[in-house]
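Written below as structure tokens is the structure these notes are about.
Residue numbers (the working numbering): 13 to 553.
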């Protein structure tokens with residue numbers, strides 16, 4: 013028995029309904045608008061590429077009854093003694109069990125979506141969202157004599173257009189039509205996006221996947237070894253883990269933003285190589301017209317540059333430890349805001365106080381006893397005082413917790429021996445800094461933003477102010493500690509460094525404090541990288 017492979021599909025032709033409005037003079041009653049309703053007809057077509065013959069019907073509906081009529085028509089075109097294998101998609105009227113009457117000389121072969129047999133021309137895309145398309149099959153008349161051609165070539169489908177097969181992400185179907193008989197190049201297909209089934213076929217070509225993180229929808233941009241895009245698609249948050257779990261180990265790059273460390277840990281567990289790029293290094297690569305796809309492409313372009321800096325992925329334990337420090341910073345900021353509000357309101361009533369938090373309580377007592385201040389204002393002053401007191405209690409509780417961690421951490425205790433370094437800075441460095449990430453002491457000081465910014469050109473070196481990069485709060489703690497050291501510095505003290513005394517004598521105190529903070533940071537790097545204790549420099553005789 014000779015097999016005859018055939019392809020089958022349906023196409024809808026007709027007119028879109030519209031509503032025509034009739035203009036009328038003002039004050040008169042317009043006529044009823046003419047309603048043009050939908051009018052459709054369906055073409056059932058099947059073709060045997062080997063013989064160049066087919067079977068076609070034009071019917072008003074698409075259902076099981078119409079499918080049975082078309083199968084009967086196909087069976088009449090099958091060569092006597094042969095058996096036809098009809099490939100078709102998984103539409104409901106193609107697979108309805110006992111209701112479908114398949115002739116004896118026909119076998120149906122339903123194929124999954126994205127099969128090359130169903131889509132010989134490739135995949136193109138619409139103008140809105142991510143749409144997958146397939147080519148409609150040829151619909152020759154039963155008596156036509158179509159020449160035999162290879163399946164999937166443009167000449168085998170002279171009258172086919174592109175129609176939408178499926179729309180993802182709940183978006184509307186695109187009404188854009190492709191040119192008849194035009195094959196879509198692979199580069200255009202890559203720009204639209206690939207499904208998981210297609211991604212399995214190209215995973216050997218993937219070199220890198222860039223992800224633009226978001227709250228609900230993530231944008232992916234994948235390239236091959238020649239930096240050509242092969243994957244562009246969106247993923248919902250719930251689909252991220254399942255998508256990457258089915259991929260082999262690949263380089264994945266993201267911006268170091270909110271949630272990046274979580275996804276970095278998750279993708280690392282799935283076997284991928286994850287890099288986090290600082291956001292300020294990605295921004296120069298964004299082309300005009302900022303959107304999610306442009307951001308994902310910019311992340312990939314930044315990661316492709318040799319020597320591009322990356323941010324190490326923090327463990328969950330390190331992030332939990334740093335939450336205490338950030339919560340303490342938040343409480344200090346709220347207390348400062350309340351104190352400033354208290355001083356500002358008091359000034360409106362002619363009452364001022366000296367600087368410092370130690371003078372807040374005497375100010376509150378004066379405001380409570382002043383009968384010249386209206387009662388509503390005194391009530392607000394009392395509430396602000398209660399807010400400041402609660403913040404003081406919470407900050408004191410966090411300080412006690414940090415002190416307990418400091419005493420239990422040997423690295424933190426070693427660092428606290430350096431002048432200007434207290435328990436807060438010491439435990440912050442011990443918990444939140446991986447000193448192996450810094451190649452030198454200058455690298456560490458530069459990361460803190462304590463080194464000068466360079467503006468050299470034409471062989472002339474120009475050093476400006478400090479860069480103020482990196483962790484702003486940690487840098488301020490270093491400067492505050494250095495300021496405390498300079499404040500208690502006394503001429504002729506046995507432990508006073510000669511270079512610091514000379515610096516304070518010829519430079520402003522704030523500039524000297526920054527210089528001392530820079531030197532302290534380098535000392536701490538040496539202690540942490542070598543595991544040594546602090547050694548005081550001997551005083552010159």
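C-beta: ideal position from N, C-alpha, C; glycine also.
Would the segment 450-462 and the segment 394-412 be scored as touching if the rule is three or more Cβ pairs under 8 angstroms?
No, the segment 450-462 does not touch the segment 394-412.
Residues of its chain near residue 434, where Cβ-Cβ distance is below 8 angstroms and the 5 sequence neighbours each way are ignored:
To locate residue 434, count along the chain shown from 1; it is residue 422. The answer, listed in chain order, is 428 and 493.
With three or more beta-carbon pairs closer than 8 angstroms as the criterion, would you say the segment 362-376 touches the segment 459-474?
Too few Cβ pairs lie closer than 8 angstroms, so no.
Cβ-based burial, residue 99 [other Cβ within 10 Å; buried from 16]:
Translated into positions along the chain shown, residue 99 becomes position 87. Sixteen is the threshold: when 16 or more other Cβ atoms of the shown chains lie within 10 Å of the Cβ of residue 99, as they do, the residue is buried.
Whole angstroms is fine: what's the gap from residue 545's alpha carbon to residue 424's?
For the purposes of this step, residue 545 is identified with residue 533 of the chain shown, where counting begins at 1. For the purposes of this step, residue 424 is identified with residue 412 of the chain shown, where counting begins at 1. C-alpha separation (whole angstroms): 11 angstroms.
Check residue 202 in the structure and name its three-state DSSP category.
Your numbering for residue 202 matches position 190 in the chain shown. Bear in mind that a pLDDT of 37 at residue 202, under 50, signals an unreliable position, so the number given afterwards is only what the model happens to contain. Residue 202: helix per DSSP, three-state reduction.
Quick test of the definition: if touching needs 3 or more C-beta pairs under 8 angstroms, does the segment 253-272 touch the segment 310-318?
By the criterion of at least three beta-carbon pairs nearer than 8 angstroms, the segment 253-272 is in contact with the segment 310-318.
Looking at residue 322 and residue 287, is the spacing between their C-beta atoms short of 9 angstroms?
Taking the first residue of the chain shown as 1, we reach residue 287 at position 275. Taking the first residue of the chain shown as 1, we reach residue 322 at position 310. Yes, Cβ-Cβ distance for residue 287 and residue 322 is below 9 angstroms.
Under 9 angstroms, do residue 541 and residue 450 count as touching if we go by C-beta distance?
Sequence index remark: in the chain shown, residue 541 carries index 529 (1-based). Sequence index remark: in the chain shown, residue 450 carries index 438 (1-based). Yes, the pair counts as a contact, with Cβ atoms nearer than the cut-off.
Return the chain-ordered list of same chain residues with a C-beta closer than 7 angstroms to the C-beta of residue 417, the five sequence neighbours on each side being excluded.
Residue numbering aside, residue 417 sits at position 405 when the chain shown is read from its first letter. So the qualifying residues of the chain are 439.
CB-CB length for residue 273 against residue 344, believed under 8 angstroms
Translated into the one-based positions of the chain shown, residue 273 becomes position 261. Translated into the one-based positions of the chain shown, residue 344 becomes position 332. No, residue 273 and residue 344 are not in contact; Cβ-Cβ is about 24 angstroms, not under 8 angstroms.
My guess is that residue 244 and residue 232 are in contact by the Cβ rule of under 8 angstroms, so how many angstroms apart are they, rounded?
In the chain shown, the residue the question calls residue 244 occupies position 232. In the chain shown, the residue the question calls residue 232 occupies position 220. So it is a contact: roughly 7 angstroms between Cβ atoms.
Note the first and the last residue of the continuous beta strand (DSSP E) segment covering residue 499.
If you number the chain shown from 1, residue 499 lands on position 487. Here residue 499 belongs to no beta strand (DSSP E); instead the alpha helix (DSSP H) covers 484-499.
Quick test of the definition: if touching needs 3 or more C-beta pairs under 8 angstroms, does the segment 384-393 touch the segment 349-361?
With three or more CB-CB distances shorter than 8 angstroms, the segment 384-393 counts as touching the segment 349-361.
Less than 9 angstroms between the C-beta atoms of residue 437 and residue 489, yes or no?
Taking the chain shown and counting its residues from 1, one reaches residue 437 at position 425. Taking the chain shown and counting its residues from 1, one reaches residue 489 at position 477. Taking a C-beta distance under 9 angstroms as the contact criterion, residue 437 and residue 489 qualify as a contact pair.
Measuring CB to CB, does residue 385 end up less than 9 angstroms from residue 347?
Locating residue 385 in the chain shown gives position 373, counting from the first residue. Locating residue 347 in the chain shown gives position 335, counting from the first residue. It is not a contact, given that the beta carbons lie outside the stated cut-off.
How about residue 70 and residue 55: are their beta carbons less than 9 angstroms apart?
By one-based count along the chain shown, residue 70 stands at place 58. By one-based count along the chain shown, residue 55 stands at place 43. A contact, by the Cβ cut-off of 9 angstroms.
Going by C-alpha to C-alpha distance, which of 300, 466 and 253 sits closest to residue 278?
Position 266 of the chain shown, counted from the start, is the residue given in the question as residue 278. Considering only alpha carbons, the answer is 253.
How big is the Cα-Cα spacing for residue 378 and residue 444?
Against the chain shown, residue 378 aligns to sequence position 366. Against the chain shown, residue 444 aligns to sequence position 432. Going by the C-alpha atoms only, they are around 43 angstroms apart.
Using C-beta distances below 7 angstroms, list every residue in its chain close to residue 339, excluding the 5 sequence neighbours before and after it, in chain order.
Mapped onto the chain shown, residue 339 falls at position 327. Excluding sequence neighbours, residue 339 sits near 410.
Alpha carbon of residue 255 to alpha carbon of residue 496, nearest angstrom
If you number the chain shown from 1, residue 255 lands on position 243. If you number the chain shown from 1, residue 496 lands on position 484. A direct Cα-Cα distance of roughly 54 angstroms separates residue 255 from residue 496.
Alpha carbon to alpha carbon, how far is residue 387 from residue 362?
Counted from its first residue, the chain shown places residue 387 at position 375. Counted from its first residue, the chain shown places residue 362 at position 350. Taking the straight line from one Cα to the other gives about 16 angstroms.
Close beta carbons around residue 538, own chain, < 8 angstroms, minus the five adjacent residues each side
Position 526 of the chain shown, counting from 1, holds the residue named residue 538. Result list for residue 538: 453 and 544, in chain order.
Roughly how many angstroms lie between the CA atoms of residue 165 and residue 82, to the nearest whole one?
Start at 1 with the first residue of the chain shown, and residue 165 comes out as number 153. Start at 1 with the first residue of the chain shown, and residue 82 comes out as number 70. In this prediction, residue 165 scores a pLDDT of 39, lower than 50, which makes its location untrustworthy; the coordinate-derived value is nonetheless stated afterwards. The straight-line gap from Cα to Cα measures roughly 25 angstroms.
Contiguous beta strand (DSSP E) assignments of at least 3 residues, all confined to the segment 280-335
Segments of the beta strand (DSSP E) lying fully in the segment 280-335: 285-289.
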